[in-house]
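Chemist: Dropping a structure here in structure tokens format, bear with me for questions.
Numbering (my numbering), first residue to last: 1341 to 1732.
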């Protein structure tokens, strides 16, 4: 990591001396006051939104340095990877990339990437001291080839990334006693990962389509599988995730747009658990498949007031995990989840750089997993927000 950062720094210092150097700052932001409530519990107000800043530096016609800073704050969000429902999340992303254009069609990029997430699970958890706070450090690279349609570039991109994820505040309670875990699983959530991406954008008739495939391979550093009698084995936990996303848009008329996002996920894991209370062993506990559809329709309601309506339905089914009653009794059926979300967003332009924005959404999660002593699977979330967006 340090070597790559040093190379990028030296490259920047050497090339910025060129007469062609030019700073091209890009800034986008969406800042709102938001209200969010997990129904059957009290809600709360907080700031939400995102800020994106990229002070791009043009070193020559073919060489660029691309620093990126991105902050995103959201309320009441279920995160499957963490197996929990967060009340508030702040994602802080930062990267420094070097991009070189070999030709009009071909370009490559190498990047040093960081991320720090502040995740607030309960109201009495100090923000910034969350149990599920995490950070990533990694490097990535990509190669893109541009196909052209009416002089518009439609890139085919191949990318790869290696990163390490750490949870600085998360330690296993069982691991505090070496007699229970034999000194294992003190930091069971930390892992190294390699990710590979293929992305292709194209235009078919009046349709614009973006197809993305992501493969993520995780090697856990201090998490192990369980034997059928509940003992910690010497086999390290390994997860493999496949994500496929298809985004399609079609202009209907002037100012009117229809679209559909389709997301498919297949998550494989040898991670297993043993329920010592009921003496039940579950292999591949974290493995699941999911499919989501999100149609949306955007139009001008009155004058320049743009209105976007969306509905999303998500199906998730676990490979081995059994559904349980509220008392904890196991059933013969695998756990299956259904999530429905509906929402509307409004945007009114003040001038070319500023917009007034607002939105309302409602999400209902329903699962045959009724045992919720540790994780909430059945819940409803209402959210509303209003503020301003800007772009420079």
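Backbone N, C-alpha and C fix where the C-beta goes; we use that ideal spot for every residue, glycine too.
Quick caveat, the model's predicted, so the values are computed rather than measured.
(1) If you measure between the beta carbons of residue 1403 and residue 1439, is that distance less than 9 Å?
(2) Return the residue from the list 1730, 1499 and 1573 that minimises the CA-CA distance to residue 1539.
(3) Among 1640, 1385 and 1433, which residue has its Cα nearest to the Cα of residue 1415?
(4) Please state if the CB of residue 1430 and the CB of residue 1412 are separated by a distance shorter than 9 Å.
(5) When the Cα atoms are used, what is the spatial distance from residue 1383 to residue 1626?
(6) Within its chain, find whatever has a CB closer than 8 Å to the CB of residue 1573; leave out the 5 residues flanking it on each side and keep chain order.
(7) So which of 1485, 1681 and 1502 has the shortest CA-CA distance to residue 1447?
(8) Is it the case that the stretch 1665-1677 contacts the stretch 1693-1704, given that we only count it when at least three CB pairs across the two stretches are under 8 Å?
(9) Work out the CA separation of residue 1449 and residue 1479 for me, nearest whole Å.
(10) Going by beta carbon distance, what residues of the same chain come within less than 6 Å of residue 1517, once the five residues before and after it are set aside?
(11) So residue 1374 and residue 1730 are supposed to be a Cβ contact under 8 Å. How far apart are they, rounded?
(12) Can you name the start and end residues of the beta strand (DSSP E) that residue 1542 belongs to?
(13) Could you check if residue 1748 is buried or exposed, using at least 16 other CB atoms within 10 Å of its CB as the buried criterion?
(14) Give the single residue among 1560, 1591, 1671 and 1597 whose Cα lies nearest to the Cα of residue 1710.
(15) As a quick exercise: from 1496, 1524, 1686 and 1410, pick the residue whose alpha carbon is nearest that of residue 1727.
(16) Should residue 1423 be labelled buried (16 or more other beta-carbon atoms within 10 Å of its own) or exposed?
(17) Whose C-alpha, out of 1481, 1643 and 1419, is nearest the C-alpha of residue 1536?
(18) How about residue 1677 and residue 1706: do their beta carbons lie closer than 9 Å?
(19) Taking 9 Å as the cut-off, decide whether the C-beta atoms of residue 1396 and residue 1363 are in contact.
(20) In the DSSP assignment, find the unbroken beta strand (DSSP E) run with residue 1447 in it and report its ends.
(21) Name, in chain order, the residues that DSSP records as bridge partners for residue 1710.
(22) Which one of 1561, 1533 and 1547 has the shortest CA to CA distance from residue 1555?
(23) Any idea if residue 1712 is buried or exposed, counting beta-carbon neighbours within 10 angstroms, 16 or more meaning buried?
(24) Between the alpha carbons of residue 1489 and residue 1675, how many angstroms are there, rounded?
(25) With a cut-off of 8 Å on the beta carbons, I'd call residue 1723 and residue 1376 a contact; round off their distance for me.
Modeler: Short version:
(1) yes
(2) 1499
(3) 1385
(4) yes
(5) 30 Å
(6) 1564, 1565, 1566 and 1567
(7) 1485
(8) no
(9) 11 Å
(10) Residue placement at residue 1517 cannot be trusted, given a pLDDT of 48 that sits under 50; what the coordinates show is reported in the next sentence. Excluding positions up to five away in sequence, the list is empty.
(11) About 17 Å separates the two Cβ atoms, so there is no contact after all.
(12) 1531-1544
(13) Look at the range of the chain in this structure, 1341 to 1732, and you will see that residue 1748 is not part of it.
(14) 1671
(15) 1686
(16) exposed
(17) 1481
(18) yes
(19) yes
(20) 1446-1460
(21) According to DSSP, which records beta bridges pairwise, residue 1710 is partnered with nothing at all.
(22) 1533
(23) exposed
(24) 46 Å
(25) 5 Å
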